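Keeping their order, the protein sequence lines are chains A and V. Residue numbering for the first sequence follows our numbering, starting at 2 and increasing by one per position. Residue numbering for the second sequence follows our numbering, starting at 345 and increasing by one per position. From the three backbone atoms N, C-alpha and C, an ideal C-beta is built for every residue, glycine too. No experiment lies behind these values; they were computed from the predicted model shown. First the structure, in the form of structure tokens, and then the observations on it.
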Amino acid sequence: MELEIIFTIEPIRTGPVELPSREIGSVLEFQGLVREMEEGKALAGLFYEAHGPMARRVLERHFLELHAGYPVVAVLFIHRLGWVPVGEASLFMRVLSSHRAEGLAFLAEAVIRLKQDVPIWKMAAAPGLGNEGASSG
Amino acid sequence: MGSSTMEITILAFAHARENLGFSTRTVSCDPEESPRTLMARIAPGADLRHLAVALDSGYVSWDGPLGQARELALIPPVSGG
């Protein structure tokens with residue numbers, strides 16, 4: 002499995018899909034956008050921070066475990082950090098596979114696992130202490 | 345504390361940082377000490393109930409030994425995505 006995990010403070014931009022082989026039959030792309038309403042309040046955006054090295058390690062473990070059950074060919078995972086305005090993507094995933102079934106299952110389960118124990122946090126306002134929270138890596 | 349004192353860097357993220365009042369702090373510790381006893385020593389009364397703890401980027405028990413870890417991360421409930 003080709004696996005790329007990226008944390009960025011820039012708006013998420015992705016290039017055209019590059020197929021690693023002629024056996025790719027399914028290309029899935031998912032974007033998670035920041036919504037305006039959060040717990041009944043209208044927000045301008047959200048501030049994301051992460052323990053970058055640990056988040057990468059936990060994600061790699063999850064993706065390898067999922068790959069055992071859903072043998073996808075390539076995964077691109079991008080999570081934005083820092084301030085993300087409403088309407089922009091905080092998360093992007095692209096999953097390439099031979100067949101749609103394993104790709105759809107991998108993607109759905111990956112997003113569930115992301116929200117279980119991957120050390121990434123969103124907050125309604127930027128941190129007031131130290132302000133170095135967006136540790137990419 | 346024994347003769348094998350070492351240093352460990354504590355990282356506090358998100359709400360843990362707001363509650364504890366620091367984002368990074370380096371303290372002396374003993375390899376036999378647990379994350380729970382270390383935090384009780386440097387932040388008495390801190391509410392750890394909703395925090396997970398990681399040593400060198402791996403989740404661990406609050407009551408196991410620090411061992412040779414160089415970094416202790418306090419992990420509030422995550423909310424990525």
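Nearest to residue 369(V) (by Cα), restricted to the options 409(V), 375(V) and 361(V)
361(V)
Counting beta carbon pairs with one atom in the stretch 45-64 of chain A and one in the stretch 16-27 of chain A, are three or more of them shorter than 8 Å?
no
Helix, strand or coil: how does DSSP classify residue 137(A) here?
Because the pLDDT at residue 137(A) is just 44, under 50, the model does not fix this residue reliably, and the value given afterwards should be weighed accordingly. The answer is coil: DSSP assigns residue 137(A) none of H, G, I, E or B.
Looking at C-beta atoms only, is the number of pairs between the stretch 400-410 of chain V and the stretch 90-108 of chain A that lie closer than 8 Å three or more?
no
Near residue 408(V), what residues of its chain come up, given a Cβ to Cβ distance below 7 Å and the 5 sequence neighbours on each side ignored?
378
Taking residue 31(A) as the reference, give the member of 67(A), 64(A) and 78(A) with the closest Cα.
78(A)
Reducing DSSP to helix, strand and coil, say where residue 48(A) ends up.
strand
Would you kindly work out how many angstroms separate the C-alpha atoms of residue 43(A) and residue 410(V), rounded to a whole number?
43 Å
Does any CB atom of chain A fall closer than 9 Å to the CB of residue 359(V)?
yes
Run down chain V in chain order and give the residues with a C-beta less than 8 Å from the C-beta of residue 38(A).
The contacting residues do not exist; residue 38(A) stays about 16 Å from chain V at best.
Tell me whether residue 132(A) sits in a helix, a strand or coil according to DSSP, three-state version.
Legend: pLDDT at residue 132(A) = 40, less than 50; position of this residue unreliable, no value from coordinates given.
Consider the Cβ of residue 376(V): report whether some Cβ of chain A lies at a distance smaller than 9 Å.
no
Which residue or residues does DSSP assign as beta-bridge partners of residue 81(A)?
9(A)
With a threshold of 9 Å between beta-carbons, can residue 372(V) be considered close to chain A, or not?
no
Contacting residues, own chain, Cβ-Cβ under 7 Å from residue 2(A) (five flanking each side not counted):
68, 73, 74, 75 and 76
What three-state label does DSSP hand residue 60(A) in the structure shown?
helix
For residue 90(A), I'd like the list of residues in its chain whose CB is within less than 6 Å of its CB, leaving aside the five on either flank, ordered along the chain.
13, 32 and 34
Count the other C-beta atoms from every protein chain shown that fall within 10 angstroms of the C-beta of residue 10(A), then say buried if there are 16 or more, exposed otherwise.
exposed
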